[in-house]
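For the sequence shown, the residue numbers in the working numbering are 21 to 1166.
Beta carbons are placed, not taken as given, at the ideal position from N, Cα and C, and that holds for glycine.
This report refers to the structure that appears directly beneath it.
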Amino acid sequence: MYLSVRGKPRELLECYRCGGAHFAKDCVFKDSTCHNCKKKGHLAKKCRGTKEKSKKEWKTKHKLNTHHLQSMAPEEDECVFNMFNLAGFNKCHAEPIYATIQVNGKELQMEVDTGASASVISQATYHSLWHSGGAPALQATEISLRQYTGECIPLLGAIEVHAAYQGQEAAATLLVVKGEGPSLLGRDLLQKIRLNCREIRYVTVIAELLGRYADVFKNELGTLRGTTVKLCVDPFARSRFFKPRTVPYAMKAKVEAELERLQQIGVIEPIEFSDWAAPIVPVLKENGGVRICGDYKLTVNQASQLDAYPLPRVDDLFATLAGGQTFTKLDMSHAYQQLLLDEESKKYVTINTHKGLFKYNRLVFGVASSPAIFQRTMDNLLQNIPGVAVYLDDILVTGKTEEEHLRNLEQVLKKLSEAGLRLKRSKCVFQAPSVTYLGHRISAQGLSPLEEKVRAVKEAPSPKNVAELRSFLGLVNYYGKFLPDLSSMLAPLYGLLDKDKEWRWSQAQEKAFRRVKELLQSAPLLVHFDPEKEVVLSCDASPYGIGAVLSHRMEEGEEKPVGYASRTLTAAEKGYSQLEKEGLAIVFAVKRFHQYLYGRPFTVVTDHKPLLSLFSETKGIPPMASARVQRWALTLSAYQYRIVYKAGPENANADAFSCLPLPEVPDQSNMPPETVFLLDRLANSPVCAKNIKAWTERDPELSQVKQWLLQGWPATVEQDQLKPYAKRQQELSVQDGCILWGSRVIVPPPGWSQIIEVLHEAHPGISRMKSLARSFVWWPGMDSALEDKVKACSQCQSNQKMPPPAPLHPWEWPGRPWSRLHLDFAGPFLGHMFLVLVDAHSKWLDAHITPTVTAPVITDTLRRIFATHGLPEAVVTDNGPTFTSGVFQEFMERNGIRHIRTAPYHPASNGLAERAMETLKDGLKKMPGLSIEKRLCRFLFQYRITPHTTTGLSPAELLMGRKPRSHLDLLRPDVGARVTQSQSGQKVRHDLHARGCVFKQGDCVYIKNFTGGSQWLPGVMHHSSGPVSFVVELLDGRRVRRHKDHVRARMDGAGKRAQSGLHAHGGNRAVDIVGPQSGSPEGEVVSAAPEIGIGSSVSPEGLVEQSKSPEPNPATGAQQAPSLENPAAGLRRSKRQHKPPDRLNC
């Protein structure tokens, strides 16, 4: 180091560019190029790079990193610091040596660099170290940083800090540079504190240990081997399926890319069906990508049985870590997603997107049971390792000695490596002197409370007006019952509340104010955190600050504070709407007290009622809320909370901290990525964000809406023109003077026409214009304005696509066959043209091959068809030249047929014929190898006998009234033939024991007597009444019918068959076998003569005496004719009396 200060000799000064005795800024060689390293800013003789021999290896292996610090104080001699951090000269790269320094109570790991004259931290380290507030103010400095080659390094400033190391303390100055990089512990701080070389030696050992388990720190998604996790869901719970939410047009490509990435790494996989589905909430990340999260508050969180596995208590954690000298904190990378789900649980975490359904294969963020499941899994994995405590995704490792600490750490890394888990190297802290948990600091000295949780009270600023004083007194009164002698202590403060008294903050008020603040931090009021007690988080926001109180609800019902938090709003946050400020207070409080709240149920108290629906624990994340509110709701979805409303005066404890916030503000308040993307797009359009801001200020309606957003909405809005905004008041926000609805800018009326012209520039149509507009802008009536624009555009209308089809109007079904025919031509097909004809009633299909399609040929074909089936009432055709010709029209008129033509260029109007042509072509193509005539005949026959799907009957049956016989009829059994065959067999078997007997008319026979008396009665064969039945006339004149089996021949004395003389006209003619006579059952008497019984008198000749003449009818006086039961048996006979033949008297 060369130092030149006023009053000191200047001969020690040497320019690092050329070696001359002057300042480097004045060197004439500052723009020269080195011939050795080819870099600009110095000469080869002063080049600190390697020479030609090792030049190639230096370029390919490592870069040379050099810092040059130079004071730029004007009119004074300069102080030049050379800081070197050289690497690449050795083939074996040495790991850096780190030391952990306490900087303002924060642990900072710094790289020991004895070549650096000053200590340096990066901007990223500055922000991460004091992300929760309390950052030391950046002070302007005249020091500039330059690279080895002379280029300036941007310097943000310097901070004054209090450094502590193993009991040593010193004031130090740290330079803060832009960007990222290691923190350098330079010689300025090394001269004030002495490092523990033994500790540094262990840092080297840790570096070797991390190299041995480098796979644990790979930048990839780990997977826990050998086990899966199960989500416990009530088996009787009703499945919940939600449709996908609309994704903004501008974000669709990013969402699809993220879904593709998650599929490639195996986190999700597409499915077709699911009973469970949650909508997604896409959130833009700082790097321009999208993070996709499922809104599981609507689905599995309502039906799952929360895992009751307890998170570690502070007492148990302290017992595990007690006696440790230093502590290592390991942070899991993508903690939950390293655990695989079992197959049954995957369906519960299905997400529904515009690309379809996807199920998660891994445990996912947002499921209420995830913290407890992960805690149990890690406890089981790392059990039996001493000095190890697991708190969610943080693993704490320690040991009573450094050697034991390293052994325990090696066991943990070995377990994680074997299990396939991964750690995030950038968030791991090794050998830290202490760790913080639940408001306590655990170090080698033991357990001590943190002042951070009461700093909001301890450093609260004094009230500056009556309103702030009232808020502070409200806090005091809220806890008044726990504070002694409060009334006398507050008397000076209450005196300022008098209306007639001028505001004047004096020593008396300041003294009382400090005494009350001490009471608010005292033991009688504050309680230690107890996981067994109910946790209440009260939040509130004022126009310039936000505050929160974490409390326990005691057994008596009172609330006692555990910790306080507050901060001042940034300039950007002061432009938030009141709803967003109240939401910011809740998110700030949850993040500040994360260790107390995560994985445990708690109650959020707010005095802003709209937040009950936006942050509801059972309702979905509102899709039209601002992007900021959506991100906040997504953050809160990982917690188990219940949000309740409490009126402002009852929420006095949190109200006081929002009105008297700590003066600290966040290090940076980034604009949401969605708004950045939106405003960038607007900046490139004719209407930019600056125009919208100016128009919003001048517009009476939007300026009123903006005022209400910043100061609060009235209870009711009466103006009709403001009601569209009032309906969306919970989803509106203000950003850079523009009003946003969700992520869409509300455009004032002067910009409507210009925005519409931009959207309509490429004439995309109504739907695409709306999709594009809904991704960026909105105003009342925007959709109607876009529709009117397209309807009024002649280019859009002249190039419009076909309108939607008209409602179907089917043809009426004719009541009679062959009343309406549908005609058309099919072909050329298979080298022929076909005339296709379909009957609308029966669906009868007819097709004829025609040599041409001229009108004479077609009329001749129709004439042959009509000769068979007759003339129809109507014929339906298209507008082909054949059907519109005069010959065809004349044919129709002469035959009295009404000709119906369908609409031009609309084949569906003659759909019956079109469908018939398609059926005909399909059928003919499927029958190769035959002539076209045979194919056509076979197809038509098969089609006509097949039942039609519309009518349910075959076309032939409906048209002809019968079913044509086909080959299939041969399959049916013939019942008649089977009966005949059976009867023939029966006859053969019966006739084996039977004798044939032929009777002639007039033969004398005996018939079986089935009444009392003689068994057989004589008679004469009269006639045959059937094939085997006869009518026999008895000797007494009665006629009876008997079966052939009951009749036998009667012989004369010579043993021959006797013949009766009553019917001599019959001769020897045999009785004809005729069919049975109707109306005379066998055995029935067919004559009116009385039947001869056993006691009847019979002549020796065997003839019965003739009966007397019939008695005259007393009513008519006429003789009564013999009654015939069977009229068919009654024959016309002569009146002549017959005498017995003489041959009988022989």
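Coil, strand or helix - residue i by DSSP
i               : result
cysteine 47     : coil
glutamate 522   : coil
histidine 1083  : Low confidence applies here, because histidine 1083 scores a pLDDT of 46, under 50, leaving its location unreliable and the question unanswered by this model.
histidine 868   : strand
lysine 174      : The sequence given here has proline at residue 174, not lysine. Residue state, collapsed to three classes: coil.
proline 290     : strand
glycine 39      : coil
lysine 611      : helix
proline 848     : strand
leucine 540     : helix
proline 581     : strand
histidine 829   : coil
arginine 258    : coil
glutamine 1035  : coil
serine 24       : Caution is warranted here: a pLDDT of 35 is assigned to serine 24, below 50, making its placement in the model unreliable, and the coordinate value is therefore given only provisionally. Residue state, collapsed to three classes: coil.
arginine 281    : helix
arginine 396    : helix
histidine 425   : helix
methionine 1041 : strand
histidine 1066  : helix
asparagine 497  : helix
Among the options, nearest to residue i - alpha-carbon criterion
i              : options                             : result
glycine 916    : Pro892, Arg935 and Asp844           : Pro892
glycine 386    : Gly61, Tyr618, Leu209 and Leu402    : Tyr618
arginine 620   : Glu363, Asp295, Gln395 and Pro830   : Gln395
alanine 805    : Pro784, Ile775, Pro824 and Asn819   : Ile775
isoleucine 566 : His548, Val555 and Val610           : Val610
valine 907     : Ser929, Leu882, Phe886 and Asn930   : Leu882
proline 769    : Tyr411, Leu722 and Val999           : Leu722
glutamine 755  : Glu162, Arg382, Glu593 and Arg985   : Glu593
leucine 436    : Ser633, Gln451, Ile415 and Met509   : Ile415
cysteine 1024  : Arg992, Ala1078 and Leu990          : Ala1078
leucine 215    : Gln529, Glu189, Pro734 and Ala257   : Glu189
glutamate 530  : Leu360, Lys743 and Pro512           : Pro512
glutamine 1035 : Val455, His1010, Arg1068 and Ile141 : Arg1068
valine 496     : Phe262, Pro156, Ala676 and Met980   : Ala676
Span of the beta strand (DSSP E), counted from its first residue to its last, around residue i
i              : result
histidine 1010 : Taken as a continuous stretch (DSSP letters only), histidine 1010 belongs to no beta strand (DSSP E), being part of the alpha helix (DSSP H) at 995–1011.
cysteine 758   : 758–761
valine 778     : From DSSP, valine 778 is part of no beta strand (DSSP E) but of the alpha helix (DSSP H) over 772–779.
aspartate 351  : 347–351
tyrosine 118   : 118–123
valine 896     : 894–897
proline 744    : That residue, proline 744, is in no beta strand (DSSP E); its alpha helix (DSSP H) goes 743–747.
DSSP beta-bridge partners of residue i
i              : result
asparagine 372 : Pro299 and Leu377
aspartate 560  : Gly567
valine 267     : Beta-bridge pairing links valine 267 to no other residue.
threonine 53   : Lys60
lysine 821     : In the DSSP output, where bridge partners are listed per residue, lysine 821 has none listed.
histidine 182  : Ala191
Bounding residues of the alpha helix (DSSP H) (the contiguous stretch that carries residue i)
i                 : result
cysteine 957      : 952–965
leucine 9         : Here the chain has residues from 21 to 1166 only, and residue 9 is not among them.
tyrosine 146      : 143–149
phenylalanine 677 : 672–679
histidine 889     : 875–889
glycine 943       : 931–945
8 Å contact criterion, which residue i and residue j should meet: CB distance rounded
i             : j          : result
alanine 647   : serine 763 : 5 Å
leucine 634   : valine 649 : 6 Å
glutamate 579 : serine 571 : 4 Å
aspartate 803 : lysine 811 : About 13 Å; that fails the 8 Å criterion.
Proximity test, Cβ basis, 8 Å: residue i and chain B
i           : result
proline 892 : No chain B is part of this structure, which consists of one protein chain only.
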